[in-house]
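Residue numbers (the working numbering): 103 to 1064. Just so you know, even glycine gets a beta-carbon here, dropped at the ideal spot from N, CA and C. The structure presented is a predicted model; accordingly, all values stated were derived computationally and were not measured. The structure appears right after this line, and notes come after that.
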Amino acid sequence: MANSTSSKPNVRACAPEAVASDPKTIRSSENDEPLKEDIRLLGRLLGEVVLEQEGQQVFDVVETIRQTAVRFRRESDPIAGDALDKLLKQLTREQTNAVVRAFSYFSHLANIAEDQHHNRQRRAHLLANPDAQPGSVAHALSRLDEAGVSGAQVRQFLQKSLISPVLTAHPTEVQRKSILDAEREIARLVAVRDMPMTPGELRRNTERLRARIATLWQTRMLRFTKLTVADEIENALSYYRLTFLSELPALYDDVAAEIEMQFPSSGEAQNPATDPASYLQMGSWIGGDRDGNPNVNAGTMRHALARQSATLFEYYLEEIHALGAELPISSLMVDASPDLLALAAQSPDRSEHRADEPYRRALIGIYARLAATARLLGAHDILRQEVGVAAPYDTSEAFSGDLNILAASLHANHGAALVKPRLAALKRASEIFGFHLATLDMRQSSDVHERVLGELLSKAEVENDYASLSEVDKIDLLLAELAKPRLLFSPFVEYTEETHSELGVLHAARDIRQRYGKRAIRNYIISHTETLSDLLEVLLLQKETGLLHTDGHRLQELELMVIPLFETIPDLRCAATIMRQWLTLAQVAPLIEKQGKLQEVMLGYSDSNKDGGFLTSNWELYKAENELVVLFNEVGVTLRLFHGRGGTVGRGGGPSYQAILAQPSGTVNGQIRVTEQGEIIASKFSNPDIGRRNLALLVSATLEASLMPALQDSPKAQAVARYEAVMDELSQRAYRTYRDLVYETPGFTDYFFASTPIAEIAQLNIGSRPASRKASRRIEDLRAIPWGFSWGQCRLLLPGWYGFGSAVSAWLEDSTDATDKQARLETLRSMSKDWPFFGALLSNMDMVLAKTDLAVASRYAGLVPEQELRHAIFARFSDEHERTCEMLAAITGNVERLAANPALARSIKNRFAYLDPLNHLQVELLKRHRNALAAGEAPEERVQRGIHLTINGVAAGLRNSG
């Protein structure tokens, strides 16, 4: 604010001046002016709201802090740094929270402007440049065409593929749904401004934007109560209403059109009325993931499917109603097929006014059947009453069949143009979503299964101490029980609550499959899979609950696929061995045969990183995937990998397109599931256009990774073999460096809990899941998500880079010969250019290092009371950070972070000036809070709220922090 005393101040309110967007769409800085204008506008409006709501004094404080922070960050002015520190320490408690809220909302609004700029630049590119961009389906198909892949191969490939983003709820989504809703409306209003507008329209748009920002300011940013599983379910469903229900069918249409353009064929094969839609489907863990979450049970599973189904039927009924208005086609004007006329005759509509309108009568009948089905499945708030009574649909396939009758009749009777606008999309939606919306996965830890079976076996007097048996004896016992027709459970015996709960969850799964269809629940994931018995235990539990069908002696069919989750470094190293035992077991072979000779394996990125560090985690995942591919090819079973990726690079995050292309050859093969977690869901899918592009990235990457010819015995493949040997050496060194710090350094746990807001994050009402699996301070027991989230808050982001510098420098120094040392460095440079795995690893680490700030992190180190411990551990951070940056520069040739990605570099750099005050205030608030606790005083609510507000703001500024 240049003049804070004027009647109408020039309010800029911390708006970043050039927050650039994702490098996939932003190519150069000269196109950033519209982005700058949007951010200036939103910043100015926010400043006006702060002035109006909080008064001149707070407004002046915010603006002074903004100007000082910008000067300190962008001009490296040490005097400004001291001044900023002094300003922040002098704030009153009331001013502190107002400043935190202001700077938090600046980050939120900048994100909205960036997302809009993504869409703007994408559209500008499509209008100006006919060449397909990397990551688009058109680009993938062009590459495949050049490589000799035929259109028939592409179409056949999609028929048997499954690409599934799986939404999960974890304690990193720090925004309330009310905030998200307000921000979506702001995004809509900003997007509208790209259209030609009259002065009056522009004024009204600005007024509405200001009103929505005022709504944001007056809306509580934090939750007063702990987020429940039901809340998480509703939050996820909002993305279906906004994006998935409309954009997924539209994407199918886009893909079909792109295939037809690249590989022209007869129009008959591409009839949208008959073209199956199955390769891209949604999954969910919300309501079914019990691992470490005592709040998830049979009730939450039933509630999840009931709410999913109700949301879906709202969409179906609305679309059918709209179709009725769009298809007033008269049989006096054009013929209709016999099937369509029969469908119309079954309708409860008997109005003479529609006697010659068979499509409308048919749709009225479909509406009545849908409404009856919705009520049968638990939906009661149906807005429009149906005309008459009709029988509910038995299956979603029957509903799809009726839609197909409409489409086929239109195609056969000069109405093909009427199919495209709505009917084709609805037909695709019915095939994608069924009556269940998204497949709900079940997940539980192997130790829970062991306890439950231990009790069942003991109470049945089969084995009194199952847990103490050797692995061989466990396998023998489990196989023997699987072969017996009788059950272990008796309704006349008392069991613990845990046993009743676990069996109840499986009974609920069986009911849900019968109620909503087999796709509603079809996967059972076992966390902490360490042995073959972990898999067999879930088989036996399914037998106990009617989900495993036998003929009394032999296993015949399994309703829920048993999916191991390999998470830690030792588990990843044992993955292929365990899967060999599983796949070659005579009793299991017929079950896999009934699964279509397909078996899914889940790999955990988060825990493997917490266990072994960034470099080793990535390498062990890569090796495990390669070993699994060899095994599955050998036994003739299709492998589907489920990647448990998080938002941060330390948890497998980073661009999905590059990540899929960097997978080892043969690991994708048209079968891939990927978790979408925490605030990443909002950043990817809260904007429909961006949501569709993110879904398209998954499809295009899967096409390229699966169908591009393999390297085989080419020189490039031989080079990769050499690169893998080097990577193995680097991983061993990085592993020792990381483990020595995190698990073998005395006092490291104390340093972590003191220097990060982990304890305060655990208290924040941002998820239904506890932050730790057990009530302890052991790093081993801490969940990987808050572990990574905490390092992001203090701007150290340790899980995304620590150990790399030591590993590379030690490997280079291992050679005393200067020529050999240079040759080793050249090998690393070749690896970064020619090996997608290593290139993606360095790119992701480069981004993490760009967001890392040791100066800010040192302020958090000041929270550690033991001076010697503080200096010793932070010195190790600093030394390793310097080594890592030096080694990365030596390999890539770039001293500056993100030199190859200037747009993202600008975005991150500009954000720092607006994150600095939040981080500084967070440290001060943590000091006040902890000092009060140490003095035996009751925690001050305002201070706690301020801490939680800073957590929200920093997370929004970093975007992929969870």
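Exercise for the section: Could you round the C-beta distance between residue 324 and residue 1050 to whole angstroms and report it? I think they count as a contact, below 8 Å. Expected result: On the sequence shown, residue 324 is found 222 positions in, with the first residue counted as 1. On the sequence shown, residue 1050 is found 948 positions in, with the first residue counted as 1. Confirmed, Cβ separation roughly 5 Å.
Handout entry: Own chain, CB closer than 8 Å to residue 528, minus 5 neighbours either side, in chain order
Key = Here residue 528 is taken as the residue at index 426 of the sequence shown, counted from 1. Cβ neighbours of residue 528 beyond the five flanking positions: 351, 418, 421, 422, 425 and 505.
Exercise for the section: Within the same chain, show all residues whose beta-carbon is closer than 7 Å to that of residue 994, passing over the 5 residues directly before and after it, in chain order. Expected result: Position 892 of the sequence shown, counting from 1, holds the residue named residue 994. Same-chain partners within the cutoff: 934 and 944.
Problem - residue 254 and residue 811 closer than 7 Å at C-beta - result: Residue mapping note: residue 254 aligns to position 152 of the sequence shown, counting from 1. Residue mapping note: residue 811 aligns to position 709 of the sequence shown, counting from 1. No. Outside cutoff.
Problem - Euclidean distance between Cα positions of residue 752 and residue 711 - result: Taking the first residue of the sequence shown as 1, we reach residue 752 at position 650. Taking the first residue of the sequence shown as 1, we reach residue 711 at position 609. With a pLDDT of only 45 at residue 752, under the threshold of 50, the placement of this residue in the model should not be trusted; the figure read from the coordinates follows. Going from the Cα of residue 752 to the Cα of residue 711 covers about 6 Å.
Problem - Which listed residue (413, 364 and 938) has its alpha carbon closest to that of residue 93 - result: Outside the shown range of the chain, which is 103 to 1064, sits residue 93, and nothing can be said about it.
Exercise for the section: Count the other CB atoms, across all protein chains shown, that sit within 10 Å of the CB of residue 309; report buried if there are 16 or more and exposed otherwise. Expected result: As a working mapping, residue 309 is identified with position 207 in the sequence shown. By the neighbour-count rule (16 or more Cβ atoms within 10 Å), residue 309 is not buried but exposed.
Exercise for the section: In angstroms with no decimal places, state the Cα-to-Cα distance between residue 124 and residue 289. Expected result: Residue mapping note: residue 124 aligns to position 22 of the sequence shown, counting from 1. Residue mapping note: residue 289 aligns to position 187 of the sequence shown, counting from 1. Residue placement at residue 124 cannot be trusted, given a pLDDT of 37 that sits under 50; what the coordinates show is reported in the next sentence. Going by the C-alpha atoms only, they are around 17 Å apart.
Handout entry: Pairwise C-alpha distance: residue 664 and residue 626
Key = Counting from 1 along the sequence shown, the entry for residue 626 is found at position 524. Counting from 1 along the sequence shown, the entry for residue 664 is found at position 562. About 5 Å.
Problem - residue 266 (DSSP reduced to helix, strand or coil) - result: If you number the sequence shown from 1, residue 266 lands on position 164. In the structure shown, residue 266 sits in a strand (DSSP, three-state: E or B).
Exercise for the section: Would you identify the three-state DSSP class for residue 707, choosing helix, strand or coil? Expected result: As a working mapping, residue 707 is identified with position 605 in the sequence shown. Looking at residue 707 - three-state DSSP - the assignment turns out to be helix.
Problem - At least 3 beta-carbon pairs within less than 8 Å: the segment 257 to 270 vs the segment 768 to 779 - result: yes
Practice task
Rounded to whole angstroms, what's the CA-CA distance from residue 754 to residue 893? Just pull it up for me.
Solution key: Within the sequence shown, numbered from 1, the residue matching residue 754 stands at position 652. Within the sequence shown, numbered from 1, the residue matching residue 893 stands at position 791. The pLDDT assigned to residue 754 is 47, lower than 50, so where the model puts this residue is not dependable, and the model offers no usable value.
Problem - Backbone secondary structure at residue 192 - three-state DSSP - result: For this step, residue 192 is matched to residue 90 along the sequence shown. Looking at residue 192 - three-state DSSP - the assignment turns out to be coil, as it is neither helix nor strand.
Practice task
Using three-state DSSP, classify residue 933 as helix, strand or coil.
Solution key: Position 831 of the sequence shown, counted from the first residue, corresponds to residue 933. Reduced to three states, the DSSP call for residue 933 is helix.
Practice task
Indicate the three-state DSSP secondary structure (helix, strand or coil) for residue 1033 in the structure shown.
Solution key: In the sequence shown, counting from the first residue as 1, residue 1033 sits at position 931. DSSP places residue 1033 in helix when its eight states are reduced to three.
Problem - Contacts around residue 276, its chain only, beta-carbon distance under 7 Å, and the 5 residues preceding and following it disregarded - result: Taking the first residue of the sequence shown as position 1, residue 276 is located at position 174. Because residue 276 sits at a pLDDT of 49, beneath the cut-off of 50, its placement in the model cannot be relied upon, and the following sentence gives the value as read from the coordinates. Cβ neighbours of residue 276 beyond the five flanking positions: 781, 868, 1053, 1054 and 1057.
Exercise for the section: Can you give me the start and stop residues for the beta strand (DSSP E) that residue 1003 sits inside? Expected result: Within the sequence shown, the letter at position 901 stands for residue 1003. Neither: residue 1003 is in no beta strand (DSSP E) and is coded neither H nor E.
Handout entry: Separation of residue 208 from residue 198, as counted between CA atoms
Key = To locate residue 198, count along the sequence shown from 1; it is residue 96. To locate residue 208, count along the sequence shown from 1; it is residue 106. Computed Cα separation, rounded: 15 Å.
Exercise for the section: Could you pull out every residue in the same chain whose Cβ sits closer than 6 Å to the Cβ of residue 959, ignoring the five residues on either side in sequence? Expected result: The residue you call residue 959 lines up with position 857 of the sequence shown. Around residue 959: 896, 897 and 898.
Practice task
Taking only the alpha-carbon atoms, compute the straight-line gap between residue 446 and residue 415 and give it to the nearest angstrom.
Solution key: To locate residue 446, count along the sequence shown from 1; it is residue 344. To locate residue 415, count along the sequence shown from 1; it is residue 313. Each residue's alpha carbon lies about 21 Å from the other.
Problem - Terminal residues of the alpha helix (DSSP H) in which residue 692 lies - result: By 1-based counting over the sequence shown, the position of residue 692 is 590. Where residue 692 is concerned, the enclosing alpha helix (DSSP H) stretches over 691 to 696.
Practice task
Kindly confirm or deny that the segment 902 to 915 and the segment 694 to 706 touch, where touching means at least three C-beta pairs closer than 8 Å.
Solution key: no
Problem - Sub-7 Å separation of residue 413 and residue 339 beta-carbons - result: Here residue 413 refers to the residue found at position 311 when the sequence shown is read from its first residue. Here residue 339 refers to the residue found at position 237 when the sequence shown is read from its first residue. Yes.
Handout entry: the segment 183 to 191 contacting the segment 1012 to 1032, beta-carbon criterion three pairs below 8 Å
Key = yes
Exercise for the section: Going by DSSP, name the residue or residues bridged to residue 1067. Expected result: Within the shown structure, residues of the chain are numbered from 103 to 1064, placing residue 1067 beyond reach of any answer.
Practice task
Determine the direct distance from the alpha carbon of residue 499 to that of residue 637, and round the result to whole angstroms.
Solution key: If you number the sequence shown from 1, residue 637 lands on position 535. If you number the sequence shown from 1, residue 499 lands on position 397. Going by the C-alpha atoms only, they are around 33 Å apart.
Problem - According to DSSP, residues forming a beta bridge with residue 663 - result: Translated into positions along the sequence shown, residue 663 becomes position 561. 625.
Exercise for the section: Please work out which residues of its chain come closer than 6 Å, Cβ to Cβ, to residue 1061, disregarding the five sequence neighbours upstream and downstream, and give them in chain order. Expected result: As a first step, residue 1061 is located in the sequence shown; it is residue number 959 there, counting from the start. Result list for residue 1061: 785, in chain order.
Practice task
Spatial neighbours of residue 718 within its chain, please: CB distance less than 6 Å, with the 5 preceding and 5 following residues excluded, ordered by chain position.
Solution key: By one-based count along the sequence shown, residue 718 stands at place 616. Only 833, 836 and 837 meet the Cβ criterion.
Practice task
Return helix, strand or coil for residue 155, following the three-state DSSP convention.
Solution key: Sequence index remark: in the sequence shown, residue 155 carries index 53 (1-based). Helix at residue 155.
Exercise for the section: Compare the Cα-Cα distances from residue 490 to each of 470, 547 and 940 and report the closest residue. Expected result: Residue mapping note: residue 490 aligns to position 388 of the sequence shown, counting from 1. With distances taken between Cα atoms, residue 490 lies closest to 470.
Problem - CB of residue 642 within 7 Å of CB of residue 584, strictly - result: The residue labelled residue 642 in the question sits at position 540 within the sequence shown. The residue labelled residue 584 in the question sits at position 482 within the sequence shown. In contact: residue 642 and residue 584 (Cβ atoms closer than 7 Å).
Exercise for the section: Determine the extent of the beta strand (DSSP E) in which residue 651 is found, giving its start and end residues. Expected result: Taking the first residue of the sequence shown as position 1, residue 651 is located at position 549. Segment 650 to 652, the beta strand (DSSP E) holding residue 651.
Problem - Span of the beta strand (DSSP E), counted from its first residue to its last, around residue 1042 - result: In the sequence shown, residue 1042 corresponds to position 940, counting from 1. Residue 1042 -> no beta strand (DSSP E), and no H or E assigned at all.
Handout entry: Opening and closing residue of the alpha helix (DSSP H) in which residue 255 lies
Key = Looking up residue 255 in the sequence shown gives position 153. That run of the alpha helix (DSSP H) goes 253 to 261.
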